[in-house]
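Numbering-wise (this note's numbering), the sequence shown opens with residue 5 and increments by one. Note that the Cβ used here is the ideal one computed from N, Cα and C, for glycine as well. Working notes, structure below.
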Amino acid sequence: MLLRGIISSPLPSSLTPRLKVTNHPRNVAVSAQISSGTTAAFSVSDEALQSRGFILRRTIGDLNLDHLNSVFVAVGFPKRDTDKIRVALENTESLLWVESQKTQKPVAFARATGDGVFNAIIWDVVVDPSFQGIGLGKAVMERLIDELLQKGIRNIALYSEPRVLGFYRPLGFVADPDGIRGMVYSRKPKKKK
Ligand SMILES: CC(C)(COP(=O)(O)OP(=O)(O)OC[C@H]1O[C@@H](n2cnc3c(N)ncnc32)[C@H](O)[C@@H]1OP(=O)(O)O)[C@@H](O)C(=O)NCCC(=O)NCCS
């Protein structure tokens with residue numbers, strides 16, 4: 005989910021290894037403290053994806069940010085400044101995207117920011133509408149989560165539109181565990197005089 009003004013704080017140790025959730029007027033924020041670092045088998049292999057014409061990428065070297073921005077806009081995210089997207093991606097902990105071999109354009113994307121050790125938040129999970137429903141979102145998320153776990157990061161959070169909760173649950177995310185709520189900063193910035 006795309007949100008502005010999110011503040012995250014470390015989980016109290018009493019919650020380990022429990023789950024944390026944040027509610028927002030339009031979004032449900034879910035985080036998972038995962039006790040095992042074992043790598044799960046992916047639902048589809050890199051090779052199987054490639055045989056279907058999709059290449060998994062983990063760097064932004066070949067990523068056309070205007071094309072990525074178009075995918076964001078196509079799924080309803082606001083259009084953002086491409087230069088700012090570049091800065092955001094340069095400050096991203098882990099990212100994954102899927103390139104269509106045919107068009108060389110991005111068709112799926114997800115990224116996580118974090119402190120590199122304890123916490124990560126997943127953002128900008130998108131699949132081009134023409135390519136939704138064929139397993140690309142799941143393929144990207146599985147690998148992103150696995151990469152974070154491999155780094156030892158256990159507290160993984162995300163903000164979910166209510167209509168997408170069913171996509172995230174089978175991936176290991178839970179909303180409202182023990183009724184725990186997070187909070188987001190909501191004051192509008194004062195206009196400069
Ligand atoms: C949500 C989104 C990333 C899912 O990607 P996708 O490639 O279409 O999903 P997949 O084909 O990988 O689906 C994986 C599984 O999740 C299920 N699923 C997908 N979208 C779902 C939804 N909105 N609600 C419930 N389940 C969903 C699929 O049925 C599939 O189930 P299966 O593994 O039992 O077959 C994609 O639809 C999207 O980009 N939506 C618009 C942007 C958005 O809402 N992003 C999330 C912001 S919080």
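Legend entry - Closest by C-alpha distance to A114, when choosing among Q54, K194 and R62: R62
Legend entry - Nearest to S49 (by Cα), restricted to the options V188, G170 and L140: L140
Legend entry - Distance CB(E151)-CB(G120) smaller than 8 Å: no
Legend entry - Around ligand 1, Cβ to any heavy atom closer than 6 Å, ordered along the chain: M5, V79, V129, V130, V131, Q136, G137, I138, G139, L140, G141, K142, S164, E165, R167, V168, G170 and F171
Legend entry - 6 Å Cβ shell around N123 - same chain, five flanking residues per side excluded: N159
Legend entry - Coil, strand or helix - T117 by DSSP: strand
Legend entry - Interface flag, A116 vs chain B, CB-CB below 8 Å: Chain labels in this structure do not include chain B; a single protein chain is all it has.
Legend entry - Buried versus exposed call for T117 [16 or more other C-beta atoms within 10 Å across all chains shown]: buried
Legend entry - Q108 versus V77: straight-line alpha-carbon distance, rounded: 18 Å
Legend entry - Beta-carbon gap between I149 and G176 smaller than 8 Å: yes
Inset, instruction - Measure how close the beta-carbons of N95 and R84 come, nearest whole angstrom, since I'm counting them as under 8 Å. - result: So it is not a contact: roughly 14 Å between Cβ atoms.
Legend entry - Option in R191, P181, L169 and G57 with minimal Cα separation from Q105: G57
Legend entry - CA-to-CA distance, Y189 to I59, given in whole angstroms: 38 Å
Legend entry - Cut-off 6 Å between Cβ atoms - residues of its own chain near N135, not counting five sequence neighbours on either side: It should be pointed out that residue 135 corresponds to Phe in this sequence rather than to Asn. Cβ neighbours of F135 beyond the five flanking positions: V111.
Inset, instruction - Leaving out five residues on either side along the sequence, give the residues of the same chain with a beta carbon under 7 Å from the beta carbon of H71. - result: K109 and P110
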